[in-house]
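Asker: Each protein sequence line maps, in turn, to chains H and X.
With the first letter of the first sequence counted as 1, position 112 gets the number 96 in the working numbering; the numbers rise by one all the way through.
With the first letter of the second sequence counted as 1, position 102 gets the number 86 in the working numbering; the numbers rise by one all the way through.
A virtual CB, placed ideally from N, CA and C, is assigned to each residue, including glycine.
Pasting in a structure now, in structure tokens, and then I'll have a few things to ask.
2 protein chains.
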Amino acid sequence: METLKIVKIGGQLIDNDVALNSFLDDFAQLDTPKILVHGGGKSATKLAQQMNIGVQMINGRRITNAATLDIITMMYAGKINTKIVAKLQAKNTNAIGFSGADGNSIISVKRPVKTIDYGFVGDIKKVNIQHLQILINHGITPVFCAITHDKKGQLLNTNADAVASELAIAFTENYTTELYYCFEKNGVLEDITNDDSVIETIDAENYQTLLENKIIADGMLPKLSNCFHAIDHQVEKVHIGKSTMLLHKNTKHTTIQK
Amino acid sequence: METLKIVKIGGQLIDNDVALNSFLDDFAQLDTPKILVHGGGKSATKLAQQMNIGVQMINGRRITNAATLDIITMMYAGKINTKIVAKLQAKNTNAIGFSGADGNSIISVKRPVKTIDYGFVGDIKKVNIQHLQILINHGITPVFCAITHDKKGQLLNTNADAVASELAIAFTENYTTELYYCFEKNGVLEDITNDDSVIETIDAENYQTLLENKIIADGMLPKLSNCFHAIDHQVEKVHIGKSTMLLHKNTKHTTIQK
């Protein structure tokens, strides 16, 4: 089967125009069918501050009330997504921007309130690849922001790592899918203070040891959980590291596999 | 040839949730292939005020500096477009949101500076319908905001009436196209103070008389100019009036034709 690459970018890449442009140069050169998924970096927090709207975080997660959802929709689906699409067009990559509402491509359910009410936050329930596949067949590169919908008219703020992994899983029907999580570090590190201490391969076996020894902790826990969720659902490989790993095969990074 | 309806909404419909919802109910029921084009109403001006960014207007046109372009992109391509798509999905209309950068569908040139520098404002140069046609063939309804691009990475603020008319013209290749400009009045009025004084038909002949008698003036001048530009380029009919004209054939409104 042909390979489809799903590439997720976030954080410092989104916040830095020069870094973003350099990443998009690399991404445009990928010669397989591909999908880009982007987070929002610190931009939504900055916009909220400019508009004097408070940001409430619990356990590192943003609480999404109606005003915050508007800000996220303006920033992620508006400014960031549209700019990325225009930049890719200039690099001769024919892109179309998507939220999960577009083409009814990603349906979520509003996260039920247990102890914490996260507000308008969605957990992905279903991915419809039909129209995406038609567009990919015609040379289009979909660019997803991390906003989904409930098919009842409500937009929902959704984790960008999950958007990427669920897209990768859904496309295993038609492709060998590979997932790339690009961020500012070289990969999953043995020693968080040493960017050279990259763990080059993680599989189900050493994953348990890394968890027990608390080498995988904090923000890496949900990221790795997403990775293994993808691997357990027929995604071929997941790569974590700097975006240079996309084009340069010998870039040290972490590969997660069966 | 099959009919394609291009419907443009703006102003008070965009600014009023109840009116917008009622319009979308009607729009969803149109049983021909269709495209929605939306302006931004007063929302961008409000957001600029909230962010303490000045709005400069000359002859009723917004001067689009970089900060204003960001605001327009956030509001039109972000909040308004994504919300409309989610609402249409809830009404079982499978929509995909577009700016002109998406699928390289509308290419503009930045308006040259003569006496006034309008900033990042684009005049439409080319419409590419290829991917739109593929999506329409698969039951998708494109929803356009009035932002285009120059194919060199720059987004451009573009007149929504022009986006609608240029789309209608481009699709005459494949369809009989009809253009609907929905706004808060019943149509083009003989007497601007009397909403019942609708001029029901305007053709090339009485257009000249209406111009000479200054019955068509102010904001109606560019609107009618757009309409005749469309009619002169094979668009079958242009309708101007309240959005109820979409479904209810006996709604009094203005029809512009050869």
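So, does the CB of X:A12 fall closer than 9 Å to a CB anywhere in chain H?
Answerer: Closer than 9 Å: no.
Asker: Could you tell me whether any Cβ in chain X is nearer than 9 Å to the Cβ of H:S83?
Answerer: Chain X contact via Cβ: present.
Asker: Can you give, in chain order, each stretch of the alpha helix (DSSP H) that sits fully within the segment 93 to 125 of chain X and has at least 4 residues?
Answerer: Within the segment 93 to 125 of chain X, the complete alpha helix (DSSP H) runs of at least 4 residues are 114 to 121.
Asker: What separation, rounded to the nearest whole angstrom, lies between the Cα atoms of X:M59 and X:I91?
Answerer: Cα-Cα distance, rounded: 20 Å.
Asker: At what residues does the alpha helix (DSSP H) containing X:H232 begin and finish?
Answerer: Element bounds for X:H232: n/a, residue is neither H nor E.
Asker: Please determine, among X:G103, X:L14, X:I19 and X:T57, the residue with the shortest C-alpha to C-alpha distance to X:M41.
Answerer: The option with the nearest alpha carbon to X:M41 is X:G103.
Asker: Give me the DSSP bridge partner(s) of H:L195.
Answerer: None, per the DSSP bridge assignment.
Asker: Quick one: using the 10 Å Cβ neighbour count with 16 as the cut-off for buried, is H:G232 buried or exposed?
Answerer: First, the residue type needs correcting, since residue 232 of chain H is His and not Gly in the sequence shown. Answer is exposed; the Cβ neighbour count stays below 16.
Asker: Less than 9 Å between CB atoms is the rule here; does H:A79 satisfy it with respect to chain X?
Answerer: For H:A79, the answer is yes, since a Cβ of chain X falls inside 9 Å of its Cβ.
Asker: Taking the beta strand (DSSP E) that X:I240 falls in, what are its first and last residues?
Answerer: T238 to I240 is the span of the beta strand (DSSP E), which, as asked, contains X:I240.
Asker: Going by beta carbon distance, what residues of the same chain come within less than 8 Å of H:H223, once the five residues before and after it are set aside?
Answerer: Excluding sequence neighbours, H:H223 sits near E162, L163, Y164, Y165, M229, H237, T238, T239 and I240.
Asker: Please report the residue range of the alpha helix (DSSP H) in which H:I153 lies.
Answerer: Here the alpha helix (DSSP H) through H:I153 covers A144 to A154.
Asker: Please report the straight-line C-alpha distance between X:N43 and X:I131, rounded to a whole angstrom.
Answerer: Roughly 20 Å between the two C-alpha positions.
Asker: Measure the CB-CB distance between X:V127 and H:S83 and report whether it falls below 9 Å.
Answerer: No, these two residues do not count as a Cβ contact at 9 Å.
Asker: Checking contacts by CB at 9 Å: is X:A74 closer than that to chain H?
Answerer: Yes - at least one Cβ of chain H is within 9 Å of the one on X:A74.
Asker: Would you call H:Q73 buried or exposed, if buried means 16 or more other Cβ atoms sit within 10 Å of its Cβ?
Answerer: Looking at its Cβ environment, which holds 16 or more other Cβ atoms inside 10 Å, H:Q73 is buried.
Asker: Are the Cβ atoms of H:I124 and H:I64 separated by less than 9 Å?
Answerer: No, they are not a contact pair.
Asker: Is H:L4 helix, strand or coil when you go by DSSP?
Answerer: Residue state, collapsed to three classes: helix.
Asker: Does the CB of X:L20 have a neighbour CB from chain H at under 9 Å?
Answerer: No, because no Cβ of chain H sits closer than 9 Å to the Cβ of X:L20.
Asker: Does the segment 137 to 145 of chain X come into contact with the segment 104 to 115 of chain X, if we say contact requires no fewer than three beta-carbon pairs (one atom in each stretch) closer than 8 Å?
Answerer: The segment 137 to 145 of chain X, when compared against the segment 104 to 115 of chain X, does touch it at the 8 Å Cβ threshold.
Asker: Could you tell me which chain X residues have their CB closer than 7 Å to the CB of H:N88, listed as they occur along the chain?
Answerer: Result: Q73 and N78.
Asker: Relative to the C-alpha of X:E174, which candidate in X:E168, X:E157 and X:I200 has its C-alpha closest?
Answerer: The residue with the shortest Cα to Cα distance from X:E174 is X:I200.
Asker: Is X:D54 close to chain H? Criterion is C-beta to C-beta, closer than 9 Å.
Answerer: Yes, X:D54 counts as interfacial toward chain H.
Asker: Tell me, to the nearest whole angstrom, how far the beta carbon of H:I(-10) is from that of H:L151; I am working on the premise that it is less than 8 Å.
Answerer: Their Cβ separation, rounded to whole angstroms, is 5 Å, which keeps H:I(-10) and H:L151 in contact under 8 Å.
Asker: When the Cα atoms are used, what is the spatial distance from X:D15 to H:Q114?
Answerer: So the alpha carbons of these two residues sit roughly 22 Å apart.
Asker: Show which residues of chain X have a CB atom less than 9 Å away from the CB atom of H:M35.
Answerer: What H:M35 touches in chain X: L31, Q34 and M35.
Asker: Can you give me the C-alpha to C-alpha distance between H:S27 and X:T(-13), rounded to a whole angstrom?
Answerer: If you take the alpha carbons of H:S27 and X:T(-13), they lie about 43 Å apart.
Asker: Output the boundary residues of the beta strand (DSSP E) element that contains H:L160.
Answerer: What sits at residue 160 of chain H in the sequence shown is Thr, not Leu. Start and end: T160 to C166.
Asker: Would you kindly report the start and end of the unbroken alpha helix (DSSP H) that includes H:I68?
Answerer: From DSSP, the alpha helix (DSSP H) with H:I68 extends over N65 to A74.
Asker: Using 9 Å as the limit for Cβ to Cβ distance, is H:V69 near chain X?
Answerer: Output row for H:V69: interface = yes.
Asker: Exposed or buried, X:V2, counting other C-beta atoms within 10 Å across all chains shown (16 or more means buried)?
Answerer: Exposed.
Asker: Looking at chain X, is there any beta carbon in it that lies within less than 9 Å of the beta carbon of H:T16?
Answerer: So no, H:T16 is outside the interface.
Asker: Need the endpoints of the beta strand (DSSP E) that X:N141 sits in, please.
Answerer: Counting along the chain, the beta strand (DSSP E) containing X:N141 begins and ends at L139 to N141.
Asker: Out of X:N190, X:G81 and X:H217, which one is the CA nearest neighbour of X:H22?
Answerer: When each option's Cα is compared against that of X:H22, the closest is X:G81.
Asker: Please report the distance separating the alpha-carbon of X:P17 from that of H:C129.
Answerer: So the two alpha carbons sit approximately 27 Å from each other.
Asker: Starting from H:L14, trace the beta strand (DSSP E) both ways and give me its first and last residue.
Answerer: Looking at the DSSP string, H:L14 is not in any beta strand (DSSP E), and its letter there is neither H nor E.
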